[in-house]
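Okay, structure first, notes after.
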Amino acid sequence: DTVHVAMSGIKRYYDDQPSVQNKTTYSIDYRPSLALTGLSSSLSVIGSLVIFLSFYKDRVRSFTFRILVCLTVADFLNAVGNILGVIRYSRFGSSLVITQPSSCDKDNLCVSQSFITVVASLSSFWWTFLAALNHLLHYRGSHCLESRVMWILSHTVGWGIPLLIATVALSFDVLGEGFSAGSGPWCWIKDCESIKPSPIFWMLITGKAWEIAAYLGIPAIYIVLKCQQYCRYRK
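For any residue, its number in the working numbering is found by taking its place in the sequence shown, counting from 1, and adding 542.
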């Protein structure tokens with residue numbers, strides 16, 4: 543059968559080719575990304591320090607300002623994590639050759655950077671959402687978020703849940719080198735065959751799902767706010 547012979551030949555050809563997943567090495571020049579990441583992270587650190595200083599000198603320290611400071615702490619930690627990534631990748635020189643084995647080695651600096659940025663990113667999403675919600679409630683004349691109980695609850699959610707998620711990811715040994723040429727010089731979730739259930743699952747749990755929720759929730763809050771402003775204006 544000619545078709546059967548042809549299909550068998552094609553199958554043998556593809557079986558002999560190295561798959562993308564089994565590809566062991568590739569080279570990346572990270573210098574442009576390192577420069578941009580280092581510059582933007584350094585500016586974030588400087589901006590954070592300015593906000594911290596302003597909060598220290600401000601005698602009033604309004605609730606909105608306190609939310610801003612918490613958001614700034616999260617962004618400061620995120621910038622520090624990115625700087626750690628720049629330091630790590632700078633050691634490899636201009637041409638980085640990455641090896642992608644089926645079971646990834648652990649790099650403590652890479653894992654530390656992953657842990658810090660996961661906690662900081664998740665916390666940043668929460669405090670941004672809380673700032674938007676507080677703005678809406680203030681417009682409606684409510685100050686319920688400013689109570690001591692709600693403030694403690696906000697910190698518990700804003701820092702406790704991100705720490706819990708990052709700790710669970712760390713305990714499952716999924717934090718580390720991502721081996722992605724398109725994601726820039728930083729670590730997040732290991733892209734290894736040994737990661738179960740899959741790297742995509744852990745990416746959703748440690749950031750992307752919460753990021754999508756924030757992108758949907760925060761605009762929804764401001765749409766409600768604008769609708770209320772429009773209705774009040776019409777009256």
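Glycine included, every Cβ here is placed at the ideal spot set by N, Cα and C.
Beta-bridge pairing of residue i - partner residues as DSSP gives them
i	result
Leu717	Ile731
Classification of residue i by the beta-carbon crowding that lies within 10 angstroms, buried from 16 upward
i	result
Val714	Note on residue identity: the sequence assigns Phe, not Val, to residue 714. Phe714 comes out exposed.
Lys768	exposed
Lys777	exposed
Leu613	buried
Ile742	exposed
Val602	exposed
Asp733	buried
Ser684	exposed
Gly720	buried
Val710	exposed
Val592	exposed
Ile731	buried
Ala751	exposed
Ser522	Look at the range of the chain in this structure, 543 to 777, and you will see that residue 522 is not part of it.
Pro574	exposed
Ser740	exposed
Tyr764	exposed
Tyr772	exposed
Whole-number beta carbon distance between residue j and residue i, since they are thought to touch under 8 Å
i	j	result
Asp627	Thr579	Here residue 627 turns out to be Gly, not Asp, going by the sequence shown. Between Thr579 and Gly627 the Cβ distance is about 7 Å, and since that is below 8 Å, they are a contact.
Ile737	Val716	5 Å
Trp668	Ile609	In fact, because the Cβ distance is near 10 Å, the residues do not count as touching under 8 Å.
Asp600	Phe607	7 Å
Tyr631	Leu581	No, Tyr631 and Leu581 are not in contact; Cβ-Cβ is about 15 Å, not under 8 Å.
Phe605	Glu688	5 Å
Cys686	Leu679	7 Å
Gly749	Asp649	Not a contact, Cβ separation roughly 20 Å.
Ser707	Ile747	Residue 707 is actually Ile in this sequence, not Ser. Between Ile747 and Ile707 the Cβ distance is about 6 Å, and since that is below 8 Å, they are a contact.
7 Å Cβ cutoff met for residue i and residue j
i	j	result
Ala762	Phe671	no
Asn624	Trp728	yes
Gly700	Ser666	no
Ala674	Ile754	no
> Do the region 676-695 and the region 649-661 touch if we need at least three Cβ pairs shorter than 8 Å?
Replying inline: no
>> Measuring CB atoms only, is the region 657-676 touching the region 603-622, in the sense that at least three cross pairs come out at less than 8 Å?
In response: yes
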